[in-house]
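Comments concern the structure below.
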Amino acid sequence: MIDIHCHILPGLDDGPKTDEEALSMCEVAADDGVKTIVATPHTGREVYQTSAEDVLAGVSHLNGLLGKKGIPINILPGHDVYVHPEIIENIKKKKVLTVNDNGKYIILELPVQSVPFYVEKVVLDLKAIGVTGIISHPERNYHIQKNTGVLEKLVSSGALVQLTALSLTGGFGAPAQRTAVSLIHKGLAHIIASDGHSTEERPPVLSPAVKEAAKFIGEERALEMVNAKPREIIS
Ligand SMILES: [Fe+2]
């Protein structure tokens, strides 16, 4: 499996603090059957402005440690980008990283409470420069929990949707779980990722969520959300 959204790099944001914690998370992911993790430290929020240079250095550092320890996980670079009209400029200036730094897909984080009016324009402007926005965990957004119409519009404008694994299994509460299931039913969810931050509280695992999604769309389509679709995105 491929996890395209995970806070796996040590000491950069609210993910693991030390190399040891990051390696423990990688062991948990490997045990679950994950082979590739896109490291997505936060950027664009005042508290977390992880630079592209720090992400790239962190990725090669962690891959080095994984090689030494013989943990079969490959880390790729990325960013969890708080949605903002300046994203386009920041991509051009190489301040924010697209998924696997390939200029094709970018992870967009929404505020928790609302969906800002400019998100649709950001999605369209990204499309115009050949980048597909991936709306991360919309099932945790209070506005979308009440009305999925705004998300339908974003998907029609070309966005993809990534659900958080823990939402599907109930770890973010009933409204998030209900919304995640409803988005799957409506065909408004394309990828499942862990958004992992730690080994225990928000672990980097995908298979429990795949099992849950399979109840609604069957095993083959549920597996596509952690295999074929993310593979296309990192390629
Ligand atoms: Fe995240």
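Numbering (my numbering), first residue to last: 54 to 288. All residues carry an ideal CB built from backbone N, CA and C; glycine is no exception. All values derive from a computational prediction rather than experimental measurement.
| Check | Outcome |
| --- | --- |
| Would Pro256 and Val81 qualify as a contact pair, given that the criterion is a beta-carbon distance under 8 Å? | yes |
| Can you say whether Glu99 is buried or exposed, counting buried as having 16 or more other CB atoms within 10 angstroms of its CB? | exposed |
| Quick check for students: name the residue ranges of the beta strand (DSSP E) that lie wholly in the segment 60-99, counting only runs of 3 or more. | 89-92 |
| Output needed for Glu173: all residues of its chain with C-beta closer than 8 Å, excluding positions within five of it in sequence on either side, in chain order. | Lys206, Leu207 and Ser210 |
| Run the proximity test for Pro162: is its beta-carbon closer than 7 Å to any non-hydrogen atom belonging to ligand 1? | The identity of residue 162 in the sequence shown is Glu, whereas the question assumes Pro. Within the cutoff, so yes. |
| I need the straight-line Cα distance from Ile159 to Ile187, nearest angstrom please. | 6 Å |
| Between which two residues does the beta strand (DSSP E) carrying Asn127 extend? | Asn127 to Pro130 |
| Along the beta strand (DSSP E) that carries Ser189, what are the first and last residues, could you check? | Thr185 to Ser189 |
| Of all the options Met54, Ile55 and Pro63, which has the alpha carbon lying nearest to the alpha carbon of His250? | Pro63 |
| Determine the burial state of Ala181: buried for a count of at least 16 other Cβ atoms within 10 Å of its Cβ, exposed for fewer. | exposed |
| Out of Glu265, Val136, Asn127 and Gly123, which has the shortest C-alpha to C-alpha gap to Gln230? | Glu265 |
| Please determine if the segment 99-117 and the segment 278-286 are in contact, where contact requires at least 3 C-beta pairs separated by less than 8 Å. | no |
| Which same chain residues, not among the five before or five after Val176, have their C-beta less than 7 Å away from its C-beta? | Gly186, Leu207, Ser210, Gly211 and Ala212 |
| Let's test the definition: count the other Cβ atoms within 10 Å of the Cβ of Ala281 and tell me whether it reaches 16, buried, or not, exposed. | exposed |
| In this structure, does DSSP put Glu254 in helix, strand or coil? | coil |
| Output the distance between the C-alpha atoms of Val136 and Lys147, rounded to the nearest integer angstrom. | 16 Å |
| What residues does ligand 1 have around it, judged by CB closer than 5 Å to any heavy atom, in chain order? | Asp133 and Asp248 |
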